[in-house]
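Protein chains in written order, with the working numbering: chain A, 1 to 428; chain B, 1001 to 1212. Note that the Cβ used here is the ideal one computed from N, Cα and C, for glycine as well.
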Amino acid sequence: MDSRDWIRDGMRAVGGGVVALPLALANLFLLVLFAVSLALTPVLGLGLLLVPLVTRLIRFRADLSRRIAAGWRVPIARPYRPRPERAVLGGIRHYRWIVTDPATWRDVAWLLPGGLAGLALGVLTLALPLYGVEGILLIPLWISLGVEGYGYGVIWPIETVGEGFLSLPQGAVILAIGVALAPYLRRGDALINRLFLAPTRAAELRLRVSQLTVTRADTVDAQAAELRRIERDLHDGAQARLVSLGMTIGLAEAILDADPAAARELLAEARDSSSAALVELRHLVRGIHPPVLAERGLEGAVRALAMALPMPATVTAAVPGRLDTPVESAAYFAVAEALANATRHSGATGLTVDLWHTGDTLLLRVGDDGKGGADPAGGTGLRGIERRLAAFDGTMSLSSPPGGPTVVTMELPCALSSPRTSPSSGTG
Amino acid sequence: MRVVIAEDLALLRDGLIRILEAYDFEVAAAVDNGPSLLPSLLEHRPDVAVVDVRLPPTFTDEGLQGAIAARQKIPGMPVLVLSQHVEPLYARELLTDRAGGVGYLLKDRVANVAQFVDAVRRVAAGGTAMDPEVVSQLLARHQPPLAALTAREREVLALIAEGRSNAAIATKLFVGEKAVSKHISSIFTKLGLPPSDDDHRRVLAVLAYLDV
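Structure (C-alpha cells):
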C-alpha cells in the first residue's frame, strides 16, 4: 500500500467514525421501538402491523452495517428466510414469518451491544484525530489570545509562547497516529457486528439448500431440454437419412442385374446421403461435446474456437492441467456463448479471451472493443451463461458502458487435475 | 508403395486396408493404438502413413501427436491424418514444419474411394490435401496476409490448399489452365514467396493461407 492509499483509507475510516455515532444512536432508538411494538401486539393486534414494520427498519439498519463491514473486507451474508408466498403485511402469516425467523431475534440482540460498541469505537476513532487537529489549529490560537491554565500533549500547563508552539509537531504526530489507527478500529467494529449479523451455521445451510434447489431445478430443466433437442435432431436427421440410405441401397441391389447403369446412379446417391448424415452427426456432436474439447481440453478448444471467428481474437491462457469434464464443458460453452454474443452484437473489430486458474477458481474473461451497452436482461445469451455457470456455483459479471469496451468475467470454483502433457500452441 | 495405418475401429481399419490394397499399396503395418504408432512408423519407414487423430488409450489426439513426433524424427515423412471432425488448429500444427507431405481429411472422404486414394498418393509425393471443410472454416476468418488477394485468387488458393492440380482447378472454376497459372503466379508474388520449385511454393502458399 503506498502512502496515498494509506491516507485515503485513514480518511475513509475517520469518516466512518463520524457516521458510526448517529448509527449507534439509531440502534438504541430501534430497540425501544421494537419493544414497544411487541408490547402492543395484544392491543387491537397493532403489533401484527408494527412488528413487521419495525423489523423492516431493523433489517435495513443491519444491512447498512453489513455493507459498511464489506467495505472493510469483512463480508457478512444476509441470514433472513425468504418471504413465504401469500404473506401480506399486517397478516398473521407475515407476522409468523418475521417472529419465527431466528435472524430477527439475533438482529434485536445485536441492537444494544452493537450500538454500544459502535458508539465506543466511533468515539475512539474520532478522539485521536480531533486531538491532533486541536494541537495544530487551536492551541496556537489560544496562546496568542492569552488564554491561561491550558496544556497540550506532554506539556501541561503551557507557560510560554514557545512551549505553546511545541503543540504543532505533537499535534501532527497524534493526527497521523489517529488516522493510521482508524481503519483498524473500523475493522474491529465490523468484526463485532459480524458476530451478531452473520448467518448461523444452520441459517447458512438453509440458504445453501434453497439456492441449490433453484440451481438444481434449472440444471435438470436445461438437461431435459437438451436431451429432447438431441432426440429430435437424431430422429429427423441422421436416423431418417440412414433409413433412406438403406432403401436406396436395397433398390440398387434389386435392379443391379437388370439395369447396372441405374444401379450405379443409386449407389452414388446413397454415398451422398451417407455423407449428409455424417455432416449432421458432426454438427450434433459439436453441440453436445466438441471433439476438440475432449482432445485438447479448455485451452485448446478455445484456441480452436478463436481461429474460426470472423475477427482476430487473442487468447491468453494459464490453465496448467485438465478440469473435470462437466466443469470444462460448462466453461467452454460459456466462453463460446460470450464470443458468439460479441461477434453478433458488439460490432467489435478485435476480441480478447483470458483464461486462468488461481487457488480453486477458474477465471474466464471475454472482452471486445465494440460499442458496449450490452444488457444481461436484454438477451437469452448472457442469461444462459449465468444459468450454466450457476449449476457449478459459478458467477458471471458484465461491464459494458455505452461506447464500450464490453468485458464479461466468469468465475467457476474448481480444482485442476494432472498437468497436461500435450504441447501448447500459439495464438489463434 | 508402402503404407502404415493407425485406426482403432476394426471396421474402418479393415476397410482402409482393403481399399489401399485394392489400389496396389502394400500395408506394412496396421496399428490400433497410440503408443505403438511411433515405433511402427520408425521401424517400417513407410512411403505414407494414414493415421486417425483419436486413438486409445486416452482417446484424445494421440494419433496426431504420434504423426507430428514421427515427422520430427524423420523430417517430411508423408502423413495423411483422418478424423471424424476437422480443426484448422490441427491443420496448422501439422503444417508448421513446412516440409509438405501432409494431408488432413474427414473420414467421410474415404467413401469416395478414387479421390481418397488420389489424396494418399498426392501426400506421399510431398503435396498437401486439406479437407474442403478446413478450408471453408478458414474462409470465415479475418486474415491480414490475404487481404491483397482478389476474390478469384482466394478461390484458387483454397483449391491449392485442398491439393488440387492446375488442371483440376481449371475444370472446377470453368477457366483455362493458362488463366489458372496466371492466378497462381500472381498469388505467389502477392504473398512474397521466393522462387523455388512449384510444389514447394504451393506448400508455402497453403501455410500463408493457414496463417502459420
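In chain A, which residues lie less than 8 Å from A1111/B when you measure between Cβ atoms?
Here the neighbours are R271, S274 and S275.
Best match in N27/A, V285/A and L251/A for proximity to D107/A [C-alpha to C-alpha]:
Nearest Cα to D107/A within the set N27/A, V285/A and L251/A: N27/A.
By the three-class DSSP mapping on this structure, what secondary structure does M396/A have?
Per DSSP, reduced to three states, the secondary structure at M396/A is strand.
Bridge partners of L1080/B, per DSSP?
DSSP, once it has assigned bridges, lists V1050/B and G1103/B as partnering L1080/B.
Strand pairing of E1002/B, partner residues [DSSP]
Residue identity check: residue 1002/B is Arg in the sequence provided, not Glu. In the DSSP output, where bridge partners are listed per residue, R1002/B has E1026/B.
For V292/A, which residues in chain B fall below 9 Å Cβ to Cβ?
The answer, in chain order, is D1061, H1085, E1087, L1089 and Y1090.
Using the beta-carbon of each residue, which ones in chain A are nearer than 9 Å to Q1115/B?
Under the 9 Å cutoff, chain A gives no residues; its nearest Cβ is about 11 Å from Q1115/B.
Alpha carbon of T421/A to alpha carbon of A182/A, nearest angstrom
Because the pLDDT of T421/A is 45, which lies under 50, any placement of that residue in the model is unreliable, and the question is left without a value.
Looking only at its chain, what residues have a beta carbon closer than 6 Å to the beta carbon of S424/A, apart from the 5 residues adjacent to it on each side?
Here the model assigns S424/A a pLDDT of 40, short of 50, so the residue's position is not dependable, and the following value carries that caveat. If we look at S424/A and ignore the five residues flanking it on each side, it has no Cβ neighbours.
Residue closest to D1024/B, alpha-carbon to alpha-carbon, out of A1114/B, S1186/B, E1153/B and R1154/B
Here the closest residue by C-alpha is A1114/B.
Under the rule that 16 or more other beta-carbon atoms within 10 Å means buried, what is D5/A, buried or exposed?
If you draw a 10 Å sphere on the C-beta of D5/A, you find fewer than 16 other C-beta atoms in it, and that means exposed.
Close-in-space but distant-in-sequence residues of the same chain around G1063/B (CB under 8 Å, 5 per side omitted):
Counting only Cβ-Cβ distances below 8 Å, and skipping sequence neighbours, we find A1006, G1034, L1037, V1051, D1052, V1053, R1054, L1055 and V1081.
Is V1180/B closer than 7 Å to A1170/B when the C-beta atoms are compared?
Their beta carbons are under 7 Å apart, which means A1170/B touches V1180/B by this criterion.
Can you tell me whether V1086/B is buried or exposed, with buried defined as 16 or more other CB within 10 angstroms of its CB?
Using a 10 angstroms sphere on the CB of V1086/B, the tally of other CB atoms reaches 16 or more, which defines it as buried.
Just the Cα atoms here: how many angstroms apart are S3/A and L1138/B?
Answer to the nearest angstrom: the Cα atoms are 53 Å apart.
I'd like to know if D1024/B contacts chain A, where contact means its C-beta is closer than 7 Å to some C-beta of that chain.
In terms of beta-carbon proximity, D1024/B stays away from the interface with chain A, with every pair separated by 7 Å or more.
Collapsed DSSP secondary structure at A1124/B in the structure displayed:
Helix, per DSSP.
By the 10 Å Cβ neighbour count, where 16 or more other Cβ atoms means buried, how is E299/A classified, buried or exposed?
Buried, by the Cβ-count rule.
Could you list the residues in the stretch 303 to 322 of chain A with a C-beta less than 8 Å from some C-beta on chain B, going in chain order?
Flagged, chain order: R303, A304, M307, A308, L309, P310, M311 and P312.
List the residues of chain B that A278/A touches, going by C-beta distances under 9 Å, in chain order.
The sequence shown places Leu at residue 278/A, not Ala. Neighbours of L278/A on chain B, chain order: Q1084, L1106, K1107, D1108 and A1111.
Please report the straight-line C-alpha distance between R1202/B and D1097/B, rounded to a whole angstrom.
Counting only the Cα atoms, D1097/B lies some 15 Å from R1202/B.
Answer with yes or no whether the minimum CB distance from Y1104/B to chain E is below 7 Å.
The structure shown contains no chain E; its protein chains are A and B.
Count the C-beta pairs between the stretch 307 to 318 of chain A and the stretch 388 to 406 of chain A that are closer than 8 Å, then say yes if the count reaches three, no if not.
The stretch 307 to 318 of chain A vs the stretch 388 to 406 of chain A: no contact.
Excluding the five sequence neighbours on either side, which residues of its own chain have a C-beta within less than 7 Å of the C-beta of G428/A, listed in chain order?
A caution first: G428/A carries a pLDDT of 35, below 50, which makes its placement in the model unreliable, though a value can still be read off. Contacts found: R303, A306, M307, A313 and V315.
Is the separation between the beta-carbon of E1153/B and that of I1187/B shorter than 7 Å?
A contact, by the Cβ cut-off of 7 Å.
Taking only runs of the alpha helix (DSSP H) that begin and end inside the stretch 137 to 166 of chain A, which ones reach a length of at least 4 residues, in chain order?
Whole alpha helix (DSSP H) segments, 4+ residues: 139 to 145 and 161 to 165.
Cβ-based burial, W156/A [other Cβ within 10 Å; buried from 16]:
By the neighbour-count criterion, in which a residue is buried when 16 or more other Cβ atoms sit within 10 angstroms of its Cβ, W156/A is exposed.
The beta strand (DSSP E) that contains P413/A, what's its start and end?
DSSP places P413/A inside the beta strand (DSSP E), whose first and last residues are T406 to P413.
In the DSSP assignment, the beta strand (DSSP E) including V18/A goes from what residue to what residue?
Run containing V18/A: none in the beta strand (DSSP E); it sits in the alpha helix (DSSP H), S3 to A39.
Run of the beta strand (DSSP E) containing W356/A, from where it starts to where it stops
For W356/A, the uninterrupted beta strand (DSSP E) segment begins and ends at L351 to T358.
Whether or not the stretch 364 to 373 of chain A and the stretch 324 to 343 of chain A are in contact is what I'm after, with contact meaning three or more pairs of Cβ atoms, one per stretch, closer than 8 Å; do they touch?
As far as the Cβ criterion goes, the stretch 324 to 343 of chain A touches the stretch 364 to 373 of chain A, which means the pair count is three or higher.
If you follow the beta strand (DSSP E) that D368/A is part of, which residue opens it and which one closes it?
Note, D368/A: beta strand (DSSP E), T361 to D368.
Own chain, CB closer than 7 Å to L50/A, minus 5 neighbours either side, in chain order:
Cβ within range, chain order: S37 and L40.
In three-state terms, what does DSSP make of V315/A?
It is a strand residue.
Using CA atoms only, rank isn't needed, just tell me which of F34/A, G47/A and L166/A is closest to W110/A.
Considering only F34/A, G47/A and L166/A, the residue with the shortest C-alpha distance to W110/A is F34/A.
Looking at C-alpha atoms only, which residue of V1156/B, V1003/B and I1160/B is the closest neighbour of M1077/B?
Out of V1156/B, V1003/B and I1160/B, the CA that lies nearest to the CA of M1077/B is found in V1003/B.
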